[in-house]
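All remarks here apply to the structure that follows.
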Amino acid sequence: MHSNKANVIKCIIVNTSPTVIDTIKSYLNRIEYIELVASFNNPIDAISFLNKKKIDLAFLDERLCSFNWINISKKINHLPQIIFTSNNAKFRLEAFKLNATYYLTKSIEFSDFLKGIHKVENRFKRLNPTTANMVSAGTIETKKEEDIILIKTEHENYTQY
287 MHSNKANVIK CIIVNTSPTV IDTIKSYLNR IEYIELVASF NNPIDAISFL
337 NKKKIDLAFL DERLCSFNWI NISKKINHLP QIIFTSNNAK FRLEAFKLNA
387 TYYLTKSIEF SDFLKGIHKV ENRFKRLNPT TANMVSAGTI ETKKEEDIIL
437 IKTEHENYTQ Y
């Protein structure tokens with residue numbers, strides 16, 4: 287995924303553990319197309335924020351959110367993809383019942399973190415297809431970026447992406 291502004295995945299972290307927040311931040315710093323917008327240590331501030339800003343991904347501590355996630359999610363205008371973090375591997379099934387994109391068990395390994403990010407990225411691409419306008423024989427056509435293999439021109443006036 288390229289890091290132009292249209293493709294940036296905006297995320298937040300909701301967790302009471304400074305260690306978990308720091309770990310997730312350090313992993314996010316290694317991924318150019320994900321922007322950490324804010325982090326919170328309580329779900330009430332996060333809900334308020336989510337109702338003001340469109341966020342694509344939230345890393346949620348299951349202890350803070352899972353017990354009441356169905357009620358919490360009803361209060362959010364734009365529901366982001368969710369990656370739950372937990373000390374309890376038994377919560378994994380419950381997380382997916384709550385429509386989580388992925389589930390990370392603490393302590394979070396980077397390889398597992400990347401698996402979750404790839405799932406988010408794939409879902410994000412399906413929900414937000416990138417398109418390009420192309421001029422062909424005097425008409426403008428809109429094509430999905432993934433359908434474009436090669437753009438060739440005989441003129442010098444073109445933009446290369």
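With my numbering applied, the sequence shown closes on residue 447, and no number is skipped along the way. Note that CB positions come from ideal geometry on N, CA and C, so glycine has one too.
Annotation: the continuous beta strand (DSSP E) that includes Lys296 extends over Ile295 to Val300.
Nearest C-alpha to Val294 among Asn337, Leu343 and Ser334: Leu343. The three-state secondary structure of Leu390, taken from DSSP, is strand. Separation of Leu336 and Lys411 (C-alpha to C-alpha, rounded to the nearest whole angstrom) is 21 Å. In the structure shown, Asp342 adopts coil according to DSSP, grouped into three states. Secondary structure at Glu407: helix, using DSSP grouped into helix, strand and coil. Burial state of Ser393 is exposed, judged by a 10 Å Cβ sphere holding fewer than 16 other Cβ atoms.
For Ile333, the uninterrupted alpha helix (DSSP H) run begins and ends at Pro329 to Leu336, by DSSP.
Within 10 angstroms of the beta-carbon of Pro304 lie fewer than 16 other beta-carbons, which makes it exposed.
Contact between Lys338 and His364 fails: their C-beta atoms lie close to 10 Å from each other, not under 8 Å.
With a threshold of 16 other beta carbon atoms within 10 Å, Asn301 meets it and is buried.
The shortest CA-to-CA distance from Asn315 to any of Cys297, Leu346, Leu350 and Phe370 is the one to Cys297. Leu365 carries a coil assignment under DSSP once its states are collapsed to helix, strand and coil. DSSP places Ile317 outside both helix and strand once states are collapsed to three, so it counts as coil.
Rounded to the nearest whole angstrom, the CA to CA distance from Leu413 to Gln367 is 11 Å.
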